[in-house]
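Asks: This is the structure I have questions about; it appears just below.
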Amino acid sequence: MHVDVAIIGAGGAGLSLVTAIDRLLNAADVADQVQTPSVVLIDPVHHRTDDRTWCFWDRGLSPIEPAVHRSWTSVAVVDRRGGERRYSLGDLRYVMVRSSDFYALADDAAARIGAVRIPVEVDDIRDGDDRVVVQAGDEQVKARWVFDSRPAAPARSAHTALLQHFRGWRVRFNHRALNPQVPVLMDFSVPQLPGATAFGYVLPSDEFTGLVEYTVFSRDRLSPRAYDDALAGYLVERWGSGGVPGTYTVEEVEDGAIPMTDAVFARRSGRRVYRIGTAGGATRPSTGYAFATMQRQAEDMARAILAGRAPLPPRPHSRWHRWADAVLLRALDRGYTEGADLFPALFASGRADRVLEFMDGSGSLWSDLSVMAAAPVGAMSRAALGDLRARLRLGR
Ligand SMILES: Cc1cc2nc3c(=O)[nH]c(=O)nc-3n(C[C@H](O)[C@H](O)[C@H](O)COP(=O)(O)OP(=O)(O)OC[C@H]3O[C@@H](n4cnc5c(N)ncnc54)[C@H](O)[C@@H]3O)c2cc1C
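Just remember that our numbering sits 5 ahead of the position in the sequence shown, which is counted from 1.
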């Protein structure tokens with residue numbers, strides 16, 4: 006099979022590229038000028054269910070708007086003593102996408118552009134001068150460009166490697182328990198674990214149903230039982246008698262572990278082979294958010310494909326943000342500061358929209374500096390010095 010584009014891995018990043026190609030082909034400025042590229046999607050799994058909930062923030066102009074489940078213009082942050090503060094997001098909105106809706110949107114886009122699905126694992130990729138040969142079971146695909154989102158080792162190993170690991174319950178209460186106008190971004194009133202940052206996260210769909218999550222930043226995952234116990238405890242703590250078993254049912258469970266690391270991931274692994282998604286370093290190290298970055302990259306790569314240019318994914322995060330993240334991760338990991346103090350302080354310091362812009366790398370340098378100024382100076386200086394020593398190979 007000869008194609009223009011082979012996408013390996015039809016998950017968040019691969020499907021973002023498919024939707025971007027379809028969207029651009031329908032855009033008025035390119036519609037009549039370019040041919041639809043031939044595309045194959047190679048993945049043993051055809052995702053259709055709610056296996057993840059993707060949140061990000063934007064200015065009300067999401068390229069995947071039909072898949073948006075809910076959006077909010079303010080968020081709540083709860084400190085470790087239970088003090089809740091609400092923050093307006095200015096002209097930003099916090100957006101929630103349920104994966105089943107995104108997968109359906111991508112299926113429609115794939116059908117419109119005539120993308121072919123090959124439901125097997127890729128075993129081997131051979132780069133070439135003008136074609137890449139992809140071996141997937143018995144199928145051999147020769148492609149002009151390959152986008153690979155299979156898990157990959159970093160190009161430079163980490164000085165600090167944490168995980169953001171979590172379990173979420175999609176809960177249906179038998180009473181009006183939720184305020185659908187305000188999600189709880191971080192609730193640090195949950196018991197903190199030694200050497201870790203733990204918080205609750207609540208995304209209300211309506212007054213009765215929502216995703217309630219227990220999230221931890223630490224080096225290792227917990228046992229499945231520990232997440233369930235923490236979630237049950239959190240429901241009682243937050244909703245009192247309205248959160249005891251019997252007052253709600255758990256409709257779905259979502260698990261995950263996202264790397265939070267200062268390791269460096271390559272954006273290409275051959276002349277015509279590009280790494281995308283988590284494997285290409287799309288995950289913002291200090292937050293675990295990747296979805297908005299994958300959309301930005303997909304838009305750019307799709308434009309290049311349609312224009313006949315080499316579609317190298319744009320750098321996911323600037324050097325400045327990667328450095329700031331390395332320092333922040335080190336400060337958390339080495340215990341120079343505690344996340345349960347740091348994150349509420351960042352939000353309380355000024356404008357929540359600036360904190361979010363800092364978190365996804367869309368803020369100006371000035372705005373980023375104003376956010377960082379709220380972090381404890383001693384802890385950050387110590388971490389910055391440690392980071393410098395590690396880079397100079399004087400220690401880890
Ligand atoms: C539960 C969960 C919730 C998340 N929530 C958010 C969020 O709210 N906001 C945010 O910004 N980020 C979030 N993330 C982080 C990130 O956005 C997701 O992990 C995202 O799915 C990453 O996209 P990806 O394409 O890199 O990986 P995936 O979506 O995991 O896709 C990789 C694909 O590669 C396929 N594959 C693997 N090996 C092979 C092979 N040999 N051959 C062919 N195919 C193969 C897999 O089957 C899979 O479909 C979340 C992550 C998880 C796990």
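Glycine residues also receive a C-beta, built at the ideal position from the N, C-alpha and C atoms.
Where L94 and D134 are concerned, what is the direct C-alpha to C-alpha distance, given to the nearest angstrom?
Replies: Across the structure, L94 and D134 are spaced so that their CA atoms are roughly 48 Å apart.
Asks: Looking at D143: is its Cβ nearer than 8 Å to the Cβ of L97?
Replies: Contact check for D143 against L97 fails: the beta carbons are separated by 8 Å or more.
Asks: Between I69 and G200, what straight-line distance do the alpha-carbon atoms span, to the nearest angstrom?
Replies: Straight across, the Cα-Cα distance linking I69 with G200 is about 38 Å.
Asks: P349: which of Y341, P264 and V376 sits nearest, CA to CA?
Replies: V376
Asks: Helix, strand or coil for M306? Go by DSSP, reduced to three states.
Replies: helix
Asks: Assign R177 to one of three DSSP states: helix, strand, or coil.
Replies: R177 falls in the strand class under three-state DSSP.
Asks: Does DSSP put D153 in a helix, in a strand, or in coil?
Replies: strand
Asks: Would A284 and R155 qualify as a contact pair, given that the criterion is a beta-carbon distance under 8 Å?
Replies: yes
Asks: Quick one: residues in its chain with C-beta nearer than 6 Å to the C-beta of D373, no 5 flanking neighbours on either side, listed in chain order?
Replies: F363
Asks: Can L190 and V82 be called in contact, C-beta distance under 8 Å?
Replies: Closer than 8 Å, so yes.
Asks: Per DSSP, M385 is paired with what?
Replies: None, per the DSSP bridge assignment.
Asks: How about the stretch 275 to 283 and the stretch 339 to 357: do they share at least three Cβ pairs that are nearer than 8 Å?
Replies: no
Asks: Evaluate contact between the stretch 95 to 114 and the stretch 354 to 361, counting only Cβ atoms and requiring at least three cross-stretch pairs below 8 Å.
Replies: yes
Asks: DSSP three-state label for L390, please.
Replies: It is helical.
Asks: State the CB to CB distance for the pair A111 and L20, rounded to an integer number of angstroms; the pair is presumed to be in contact (CB under 8 Å).
Replies: 4 Å
Asks: Which stretch, first to last residue, makes up the alpha helix (DSSP H) that contains D113?
Replies: S104 to I118
Asks: Would T145 be called buried (16 or more neighbouring beta carbons within 10 Å of its own) or exposed?
Replies: Before going on, a small fix: residue 145 reads as Gln here, not Thr. By the neighbour-count rule (16 or more Cβ atoms within 10 Å), Q145 is not buried but exposed.
Asks: Nearest to R273 by CA position, among F152, G65 and V139, is which residue?
Replies: F152
Asks: Closer than 6 Å by C-beta to V217: which residues in its own chain qualify, once you throw out the five before and the five after it? Chain order, please.
Replies: W174, V176 and V207
Asks: Have a look at P319 and F296 and give me their C-alpha separation to the nearest angstrom.
Replies: If you draw a straight line from the Cα of P319 to the Cα of F296, it is about 14 Å long.
Asks: Pick out whichever of G340, L236, L46 and G366 has its Cα sitting closest to the Cα of M385.
Replies: G340
Asks: Could you tell me which residues DSSP pairs with W371 in its beta bridges?
Replies: The partner list for W371 (beta bridge, DSSP) is empty, contrary to what the question assumes.
Asks: Just verifying my parser: in three-state terms, what is the DSSP assignment at A163?
Replies: Here A163 carries a coil assignment [DSSP, helix/strand/coil].
Asks: Go ahead and pull the three-state DSSP assignment for E126.
Replies: coil
Asks: For L236, count neighbouring C-beta atoms within 10 Å of its own C-beta (all shown protein chains included) and say buried if the count is 16 or more, exposed if not.
Replies: buried
Asks: For the candidate residues D267, S228, A11 and P196, whose alpha-carbon lies nearest to that of G238?
Replies: P196
Asks: With DSSP as the reference, identify every bridge partner of A203, one or two as the case may be.
Replies: V221
Asks: Just to confirm, does S372 get its C-beta within under 7 Å of one of the non-hydrogen atoms of ligand 1?
Replies: no
Asks: Whole angstroms are fine: how far does the CA of T298 sit from the CA of P321?
Replies: 6 Å
Asks: Looking only at its own chain, which residues have a Cβ that is under 6 Å from the Cβ of T214, when we skip the five neighbours before and after it?
Replies: Closer than 6 Å at the Cβ level, and outside the excluded window around T214, lie R177.
Asks: Using alpha carbons as the reference points, say which of P264, A15 and V187 lies closest to F107.
Replies: A15
Asks: Any heavy atom of ligand 1 within a distance shorter than 7 Å of the CB on R57?
Replies: Yes, since a heavy atom of ligand 1 falls inside the 7 Å radius drawn around the Cβ of R57.
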